[in-house]
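Per the numbering used here, the sequence shown runs over residues 39 to 197. Glycine is no exception: its CB is placed at the ideal position from the N, C-alpha and C atoms. Report on the following structure.
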Amino acid sequence: MTTEGEIEGEIVSDRPALLKEMDAFYWTGFGGPEVCKVGKLPLPGSPGPHQLLVKVHYASLNPADYQQRKGEAKHLLKYKFPKVFGFDFSGDVVEVGNEVKDFKIGEEVFGMVAGVRTGTAAEYVLVDDYVCALKPAEIPHHLAAAVPLVGITAEKALK
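As structure tokens, then:
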């Protein structure tokens with residue numbers, strides 16, 4: 039393992055050094071269920087300055103997942119395949135970018151990704167720090183992973 043600690047101007051990491059691949063639930067192109075796969079994909083790269091690498095405990099799927107898979111937004115967004123399913127997650131921080139101030143390795147977080155970025159239905163996800171929050175200790179991971187996108191949707195519907 040790489041060592042944990044604050045290193046000025048560098049990424050702080052608790053990522054297993056030899057890990058290169060992860061299990062993921064992904065789609066290989068637009069279409070029906072036949073494009074859905076479970077298998078190995080490369081581990082996400084190192085976090086940018088304001089990003090976290092999170093070991094995912096739970097991820098949740100939303101209507102947006104199957105709508106994207108069917109190609110309903112392909113004229114609006116540029117997709118790169120394979121594309122991992124999922125927008126919401128809950129897990130543990132294993133690596134932080136050099137400008138991340140609010141999160142530390144080992145902390146439990148939950149949050150979401152947006153657009154066509156790497157999805158959350160994988161062992162690891164790379165996310166921006168501004169779409170993450172510390173997971174309250176009294177909320178289990180499986181419930182925290184169900185909150186972000188639908189929570190925002192509910193909040194917008196009530197405005």
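Run of the alpha helix (DSSP H) containing valine 188, from where it starts to where it stops
Here residue 188 refers to the residue found at position 150 when the sequence shown is read from its first residue. From DSSP, the alpha helix (DSSP H) with valine 188 extends over 186 to 195.
If distances are taken between C-alpha atoms only, which option among Gln89, Thr66 and Trp65 comes closest to valine 163?
In the sequence shown, counting from the first residue as 1, residue 163 sits at position 125. For the residues Gln89, Thr66 and Trp65, the minimum Cα distance to valine 163 belongs to Gln89.
Roughly how many whole angstroms lie between the Cα atoms of lysine 78 and leucine 99?
Counted from its first residue, the sequence shown places residue 78 at position 40. Counted from its first residue, the sequence shown places residue 99 at position 61. Their backbone Cα atoms lie some 19 Å apart in a straight line.
What residues are listed by DSSP as bridge partners for aspartate 130?
The sequence position of residue 130 within the sequence shown is 92, counting from 1. When DSSP reads this structure, aspartate 130 sits in a beta bridge with Lys93 and Glu146.
Which of helix, strand or coil does DSSP assign to alanine 152?
Taking the sequence shown and counting its residues from 1, one reaches residue 152 at position 114. Three-state result, alanine 152: coil.
Whole angstroms is fine: what's the gap from threonine 66's alpha carbon to proline 101's?
For the purposes of this step, residue 66 is taken as residue 28 along the sequence shown, with counting starting at 1. For the purposes of this step, residue 101 is taken as residue 63 along the sequence shown, with counting starting at 1. Cα to Cα, the separation comes out at about 18 Å.
State whether the stretch 129 to 142 contacts the stretch 163 to 177, with contact taken as three or more CB pairs (one from each stretch) at a distance under 8 Å.
yes
Between the alpha carbons of alanine 171 and serine 84, how many angstroms are there, rounded?
Working through the sequence shown from its first residue, we reach residue 171 at position 133. Working through the sequence shown from its first residue, we reach residue 84 at position 46. Computed Cα separation, rounded: 20 Å.
Does the stretch 133 to 144 come within contact of the stretch 57 to 64, defined as at least 3 CB pairs closer than 8 Å?
no
Do you know how far the Cα of glutamate 110 is from the Cα of isoleucine 177?
The residue labelled residue 177 in the question sits at position 139 within the sequence shown. The residue labelled residue 110 in the question sits at position 72 within the sequence shown. Isoleucine 177 and glutamate 110 have their C-alpha atoms spaced approximately 34 Å apart.
Does valine 163 come out as helix, strand or coil in the three-state DSSP assignment?
Counting from one through the sequence shown, the residue named residue 163 turns up at place 125. The answer is strand: DSSP assigns valine 163 an E or B state.
Would you report the Cα separation of tyrosine 117 and alanine 97, rounded to the nearest angstrom?
Position 79 of the sequence shown, counting from 1, holds the residue named residue 117. Position 59 of the sequence shown, counting from 1, holds the residue named residue 97. If you take the alpha carbons of tyrosine 117 and alanine 97, they lie about 20 Å apart.
CA-CA distance, valine 185 and glycine 86?
Within the sequence shown, residue 185 is the residue found at index 147, counting from 1. Within the sequence shown, residue 86 is the residue found at index 48, counting from 1. Cα to Cα, the separation comes out at about 25 Å.
Starting from proline 80 and walking both ways along the beta strand (DSSP E), at which residues does that stretch end?
Your numbering for residue 80 matches position 42 in the sequence shown. Run containing proline 80: 74 to 80, per the beta strand (DSSP E) assignment.
For alanine 62, the first and last residue of its enclosing alpha helix (DSSP H)
To locate residue 62, count along the sequence shown from 1; it is residue 24. Note, alanine 62: premise wrong, no alpha helix (DSSP H); beta strand (DSSP E) at 59 to 65.
Considering just the uninterrupted stretch of the alpha helix (DSSP H) at alanine 102, what are its terminal residues?
On the sequence shown, position 64 is the one that residue 102 refers to. Taken as a continuous stretch (DSSP letters only), the alpha helix (DSSP H) holding alanine 102 covers 101 to 107.
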